[in-house]
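J.:
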Amino acid sequence: MREADPLARRLLFVVGKGGVGRTTIAVATALLAARRGARVLAVETDGAAALGRALVVLRSQHHPPPGIERVRHLVIEGQAALEEYLGLIIPIRRVLRAVFESGVYGAFVTAAPGLRELMTVGKIWYEVEGRAGEAEAPDFVVVDAPATGHGLQLLRMPQSAAEAFGVGLVRREAQRIVNLLRDDSRTAVLAVTTAEEMPVSETIEMLATLKRLQMPTPTVVLNQVHRSPCSEAELGVVERAAQVASGASRMLLQTAAELARTEARWAASGEHQAERLQEHVRGAIIRLPYLFSEEFGPIEQLKLTGALGDVLCPPPADVARPL
Amino acid sequence: MNPDLPPASPRRGGGLADLLAGHRVLVCVGSGGVGKTTMAASLALAAALSGSRAIVLTIDPARRLADSLGVGPIGNAPRPVPLDPFPNAKGGSLDAMMLDQKGSWDALVERHAPTPEIAARIRKNPFYQQLSETFAGSQEYMAVEQLGALVASGRWDLVVVDTPPSQHAIDFLEAPQRLLGFLDRQVVRWFVSPTGGFGWSAFQAMNRTAGFLLRRLEEATGLATLGQVGDFFNDMSGLFDGFEERFHRVMGLLRDPATAFLLVASPDEQVLGQVEFLSGRMAAMEMPLKGVIMNRVHDAGLAPGLERLGDAERRDLLEAGLRGQQPDGEDLAGRLLANLKAHQVRARGDALRIENFRDDLGLDTPLLQVPELDGDVHDLRSLAGLHRYLLAEASATEVDGDAQIRS
Numbered sequence: 257m258r259e260a261d262p263l264a265r266r267l268l269f270v271v272g273k274g275g276v277g278r279t280t281i282a283v284a285t286a287l288l289a290a291r292r293g294a295r296v297l298a299v300e301t302d303g304a305a306a307l308g309r310a311l312v313v314l315r316s317q318h319h320p321p322p323g324i325e326r327v328r329h330l331v332i333e334g335q336a337a338l339e340e341y342l343g344l345i346i347p348i349r350r351v352l353r354a355v356f357e358s359g360v361y362g363a364f365v366t367a368a369p370g371l372r373e374l375m376t377v378g379k380i381w382y383e384v385e386g387r388a389g390e391a392e393a394p395d396f397v398v399v400d401a402p403a404t405g406h407g408l409q410l411l412r413m414p415q416s417a418a419e420a421f422g423v424g425l426v427r428r429e430a431q432r433i434v435n436l437l438r439d440d441s442r443t444a445v446l447a448v449t450t451a452e453e454m455p456v457s458e459t460i461e462m463l464a465t466l467k468r469l470q471m472p473t474p475t476v477v478l479n480q481v482h483r484s485p486c487s488e489a490e491l492g493v494v495e496r497a498a499q500v501a502s503g504a505s506r507m508l509l510q511t512a513a514e515l516a517r518t519e520a521r522w523a524a525s526g527e528h529q530a531e532r533l534q535e536h537v538r539g540a541i542i543r544l545p546y547l548f549s550e551e552f553g554p555i556e557q558l559k560l561t562g563a564l565g566d567v568l569c570p571p572p573a574d575v576a577r578p579l
Numbered sequence: 008m009n010p011d012l013p014p015a016s017p018r019r020g021g022g023l024a025d026l027l028a029g030h031r032v033l034v035c036v037g038s039g040g041v042g043k044t045t046m047a048a049s050l051a052l053a054a055a056l057s058g059s060r061a062i063v064l065t066i067d068p069a070r071r072l073a074d075s076l077g078v079g080p081i082g083n084a085p086r087p088v089p090l091d092p093f094p095n096a097k098g099g100s101l102d103a104m105m106l107d108q109k110g111s112w113d114a115l116v117e118r119h120a121p122t123p124e125i126a127a128r129i130r131k132n133p134f135y136q137q138l139s140e141t142f143a144g145s146q147e148y149m150a151v152e153q154l155g156a157l158v159a160s161g162r163w164d165l166v167v168v169d170t171p172p173s174q175h176a177i178d179f180l181e182a183p184q185r186l187l188g189f190l191d192r193q194v195v196r197w198f199v200s201p202t203g204g205f206g207w208s209a210f211q212a213m214n215r216t217a218g219f220l221l222r223r224l225e226e227a228t229g230l231a232t233l234g235q236v237g238d239f240f241n242d243m244s245g246l247f248d249g250f251e252e253r254f255h256r257v258m259g260l261l262r263d264p265a266t267a268f269l270l271v272a273s274p275d276e277q278v279l280g281q282v283e284f285l286s287g288r289m290a291a292m293e294m295p296l297k298g299v300i301m302n303r304v305h306d307a308g309l310a311p312g313l314e315r316l317g318d319a320e321r322r323d324l325l326e327a328g329l330r331g332q333q334p335d336g337e338d339l340a341g342r343l344l345a346n347l348k349a350h351q352v353r354a355r356g357d358a359l360r361i362e363n364f365r366d367d368l369g370l371d372t373p374l375l376q377v378p379e380l381d382g383d384v385h386d387l388r389s390l391a392g393l394h395r396y397l398l399a400e401a402s403a404t405e406v407d408g409d410a411q412i413r414s
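Right, dumping it as structure tokens:
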């Protein structure tokens with residue numbers, strides 16, 4: 257049993273560099289939580305659309321995965337969130353329109369880096385906490401946070417805001433958000449990486465930043481882990497056999513040996529990176545397999561969801577597991 | 008291939024050798040994580056080995072690559088890269104420089120601020136600090152600004168530019184425009200008083216309605232920093248005078264026929280999906296794509312005759328070859344077969360996507376394929392090892408023959 261089950265919190269941030277499978281993992285957590293019966297809200301931010309696309313593909317399957325009907329999707333645009341927020345502050349519509357149309361507003365919005373991020377997190381807070389009691393309010397909100405640098409900006413802004421403004425409305429709001437983000441009974445973080453040098457280095461940096469921000473300790477997922485198809489001794493056997501064989505048998509053995517060697521090398525360098533990462537992670541790192549496929553489609557998505565589910569929600573020990 | 012030897016003279020019309028020889032600026036664009044930095048470094052090295060004075064401007068290299076290029080995270084100056092591993096190099100030189108975003112802003116302020124006092128005041132301004140570190144597009148702008156300075160110096164025959172990691176390849180070209188829009192005179196005028204009577208604070212006091220709105224905005228967002236913004240623009244106003252002009256000069260440089268844009272991509276479906284959009288936008292900006300490097304291409308390396316064999320026949324062949332051997336575990340042939348099939352399926356997916364992509368791209372743009380290499384490319388020799396893929400368009404069999412480069 258894991259100490260902190262990230263699926264049992266109200267809010268889950270999935271963070272990681274582009275290309276490591278962050279969106280896939282976010283979708284997997286949404287499906288797993290929904291399968292447990294939660295009303296799920298899957299969130300992505302400015303400009304991203306991969307999460308929405310993945311959900312559409314899954315829904316359009318002949319047999320949609322169980323629980324997907326309980327997954328809603330939301331794109332939060334920082335600009336729109338800001339305007340929505342200002343609408344609450346300045347309730348007079350005419351005045352509000354004047355604000356939006358003025359050059360000052362444009363200047364103001366661009367001149368305040370981080371304002372959009374702040375509003376994005378504010379909107380997430382609202383979905384998690386602000387709608388309590390509503391029939392449709394989600395039980396589980398998963399955020400596919402943008403690629404690391406920007407994603408961290410999202411988590412950092414409320415804190416900067418709370419520190420920058422001594423008093424007033426913003427200070428109170430920012431503090432409320434900070435409290436949610438830091439509360440490990442409500443919020444969890446899942447850091448996704450592959451076992452390669454750059455992604456692991458960035459993840460190590462990110463773990464340090466999250467710690468500085470006093471965010472909950474993340475669950476770390478190592479995605480796309482290669483497995484050697486045979487042992488070192490067997491590789492030797494195959495390579496020797498290739499030397500003595502002849503004709504098509506020899507050619508096939510040579511190629512098979514080379515490809516097995518390639519996988520073995522990926523596995524070994526991945527293991528090295530995994531060890532480097534483990535030095536910065538207290539608990540166990542979740543490993544998900546590298547999937548060979550013509551393209552990454554719904555079958556692969558569900559395979560990975562299953563693999564993550566085996567770790568995050570293992571069936572009770574006395575129940576026989578189907579193969 | 009022996010990395011000690013300089014690359015074989017490339018075939019005419021094949022690969023990127025002509026592109027390197029015929030341009031003064033090479034900009035590598037592409038989304039993050041596709042190996043842009045490595046390709047930029049490898050191309051600059053190729054130019055240097057063929058006798059050019061080349062420099063690579065890198066953005067965020069992996070540590071070991073940075074080490075072998077001799078560039079660190081600090082310092083914003085070109086450093087010579089010793090070409091000792093290549094005794095047959097034809098007298099060219101290679102420099103490497105890492106773009107340090109914060110450092111570039113400081114240098115810009117230093118260069119253009121009217122007095123040292125103003126420069127110091129700008130650097131201390133919290134808004135400036137935030138802008139130079141986090142403003143979307145400022146890294147791209149700085150890369151463009153730095154590129155202009157390198158070309159203007161006349162010290163190099165070829166400048167190869169790696170671009171900041173971004174979600175979309177086009178960001179590099181559009182982000183500077185956004186920054187320029189932000190620094191637009193119209194906007195700046197709200198904050199700066201050009202004639203002394205219409206300053207930010209004066210405006211706030213004079214215009215009651217606007218003042219009310221702005222106070223509400225300040226209150227709503229807590230942006231007491233608006234004062235800082237005003238100070239910043241006041242101090243920077245001298246800098247902005249030349250800003251637009253410099254920007255347009257550099258954009259002109261990017262449109263120059265002596266500048267080539269190269270897309271670095273991987274056969275990943277998400278990456279390729281963007282390309283049609285990208286090449287359209289680039290053509291509209293008069294910055295056409297002159298080449299594509301398809302990196303991390305998977306290849307199972309099966310000889311043509313073996314590709315058509317069915318599972319049962321392959322298994323027979325493998326088992327026949329392994330007969331009499333003593334493997335550790337069960338069904339070694341089955342595991343080898345499964346691994347082989349997995350690689351084949353993946354390679355087929357890549358090939359299909361690349362084929363579709365090539366159709367969209369048009370015939371006259373060269374497309375070079377670089378296989379996925381197991382092991383980081385991080386030293387000069389392995390960078391030179393990439394030249395066989397980049398300089399001459401390798402046929403499929405050549406790629407098969409030496410799909411493994413080792414450092």
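Here the protein sequences line up with chains V and X, keeping their order. Residue numbers for the first sequence follow our numbering, beginning at 257 and rising by one. Residue numbers for the second sequence follow our numbering, beginning at 8 and rising by one. We put the CB at the ideal spot given by N, CA and C, even for glycine.
1. What does arginine 506/V touch in chain X if you count any residue whose Cβ is under 8 Å from its own?
2. Please identify the residue among Leu408/V, Asp400/V, Cys486/V whose C-alpha is closest to the C-alpha of aspartate 338/X.
3. Using CA atoms only, rank isn't needed, just tell me which of Ala340/X, Lys297/X, Met301/X is closest to glycine 369/X.
4. Based on the DSSP secondary-structure assignment, which residues constitute the bridge partners of glutamate 300/V?
5. Going by Cα to Cα distance, which pick from Arg538/V, Pro545/V, Glu531/V, Glu488/V is closest to glutamate 514/V?
6. In angstroms, rounded to a whole number, what distance separates the CA positions of arginine 387/V and glutamate 429/V?
7. Which residues, in chain order, does the stretch 346-374 of chain X contribute to contact with chain V at a C-beta distance below 7 Å?
8. Using the beta-carbon of each residue, which ones in chain A are nearer than 8 Å to alanine 310/X?
9. With which residues is phenylalanine 254/X paired in a DSSP beta bridge?
10. To which residues of the same chain is alanine 497/V closer than 7 Å at the C-beta, ignoring the five residues directly before and after it?
11. Please go through the same chain and pick out, in chain order, the residues whose beta-carbon is closer than 8 Å to the beta-carbon of serine 441/V, but skip the five residues on each side of it.
12. Mapping the DSSP letters down to three states, classify alanine 340/X as helix, strand or coil.
13. In chain V, which residues lie with their C-beta within 7 Å of the C-beta of alanine 307/X?
14. Quick one: is alanine 501/V near chain X, going by C-beta distance under 7 Å?
15. Shortest alpha-carbon distance to threonine 339/V belongs to which of Lys379/V, Pro322/V, Ala464/V, Pro474/V?
16. Kindly confirm or deny that the stretch 249-263 of chain X and the stretch 343-352 of chain X touch, where touching means at least three C-beta pairs closer than 8 Å.
17. Which residue's Cα is closest to the Cα of aspartate 164/X: Ala103/X, Val32/X, Val384/X, Leu26/X?
18. Which of helix, strand or coil does DSSP assign to lysine 297/X?
19. Looking at the C-beta of proline 485/V, does it have a partner C-beta in chain X at a distance below 7 Å?
20. What ranges does the alpha helix (DSSP H) occupy inside the stretch 265-302 of chain V, keeping only unbroken runs of at least 4 residues that lie completely in it?
21. Please list, in chain order, all residues of the same chain as glutamine 480/V whose beta carbon is under 6 Å from its beta carbon, the five residues on each side excluded.
22. With a threshold of 7 Å between beta carbons, is valine 493/V in contact with chain X?
23. Determine, using beta-carbon pairs with one atom in the stretch 460-477 of chain V and one in the stretch 533-543 of chain V, whether at least three such pairs fall under 8 Å.
24. Taking leucine 463/V as the reference, give the member of Pro262/V, Leu267/V, Gly272/V with the closest Cα.
25. Threonine 450/V bridges to which residues according to DSSP?
26. Do glycine 98/X and valine 88/X have their CB atoms nearer than 7 Å?
27. Given 8 Å as the limit, is there contact between the stretch 274-287 of chain V and the stretch 392-401 of chain V, that is, 3 or more CB pairs closer than that?
28. Do three or more CB pairs link the stretch 47-57 of chain X to the stretch 376-396 of chain X at distances below 8 Å?
29. Would you please verify whether the beta carbon of glutamate 488/V is less than 7 Å from any beta carbon of chain X?
T.: Judging by the given coordinates:
1. Position 250 of the first sequence, counting from 1, holds the residue named residue 506/V. The contacting residues are Gly328.
2. Locating residue 338/X in the second sequence gives position 331, where the first residue counts as 1. The residue with the shortest Cα to Cα distance from aspartate 338/X is Cys486/V.
3. Here residue 369/X refers to the residue found at position 362 when the second sequence is read from its first residue. Nearest C-alpha to glycine 369/X: Lys297/X.
4. The count along the first sequence starts at 1 and reaches residue 300/V at position 44. Beta-bridge pairing links glutamate 300/V to Val331/V, Asp400/V.
5. Taking the first residue of the first sequence as position 1, residue 514/V is located at position 258. Among Arg538/V, Pro545/V, Glu531/V, Glu488/V, the Cα nearest to that of glutamate 514/V is on Glu488/V.
6. On the first sequence, position 131 is the one that residue 387/V refers to. On the first sequence, position 173 is the one that residue 429/V refers to. Each residue's Cα considered, the two are about 15 Å apart.
7. Asn346, Leu347, Ala349, His350, Val352, Arg353, Arg355, Gly356
8. Protein chains V and X are contained in the structure displayed, whereas chain A is not.
9. If you number the second sequence from 1, residue 254/X lands on position 247. According to DSSP, phenylalanine 254/X bridges with nothing at all.
10. Here residue 497/V refers to the residue found at position 241 of the first sequence. For alanine 497/V, where only same-chain residues beyond five positions count, the Cβ hits under 7 Å are Leu509.
11. Reading the first sequence from its first residue, position 185 is the one you call residue 441/V. Once the five neighbours on either side are set aside, the close Cβ partners of serine 441/V are Arg265.
12. For the purposes of this step, residue 340/X is taken as the residue at position 333 of the second sequence. If DSSP states are grouped into helix, strand and coil, alanine 340/X belongs with the helices.
13. Indexing the second sequence from 1 puts residue 307/X at position 300. Residues of chain V passing the Cβ test: Leu515.
14. Within the first sequence, residue 501/V is the residue found at index 245, counting from 1. It does: the Cβ of alanine 501/V has a partner Cβ on chain X nearer than 7 Å.
15. Taking the first sequence and counting its residues from 1, one reaches residue 339/V at position 83. Residue identity differs from the one stated: residue 339/V is glutamate in this sequence, not threonine. Per the Cα distances, Lys379/V.
16. no
17. Taking the second sequence and counting its residues from 1, the one referred to as residue 164/X is at position 157. The shortest Cα separation from aspartate 164/X among Ala103/X, Val32/X, Val384/X, Leu26/X belongs to Val32/X.
18. Residue mapping note: residue 297/X aligns to position 290 of the second sequence, counting from 1. It is a strand residue.
19. Here residue 485/V refers to the residue found at position 229 when the first sequence is read from its first residue. Answer yes: the Cβ-Cβ gap between proline 485/V and chain X drops below 7 Å somewhere.
20. 278-291
21. On the first sequence, position 224 is the one that residue 480/V refers to. The answer, listed in chain order, is Thr450, Tyr546.
22. The sequence position of residue 493/V within the first sequence is 237, counting from 1. Closer than 7 Å to some Cβ of chain X, the Cβ of valine 493/V qualifies, so yes.
23. yes
24. As a working note, residue 463/V is residue 207 in the first sequence. Checking every option, the nearest Cα to that of leucine 463/V belongs to Gly272/V.
25. Taking the first sequence and counting its residues from 1, the one referred to as residue 450/V is at position 194. Bridge partners of threonine 450/V: Asn479/V.
26. Mapped onto the second sequence, residue 98/X falls at position 91. Mapped onto the second sequence, residue 88/X falls at position 81. Contact: no.
27. yes
28. yes
29. Here residue 488/V is taken as the residue at index 232 of the first sequence, counted from 1. With 7 Å as the cut-off, glutamate 488/V does not count as an interface residue toward chain X.
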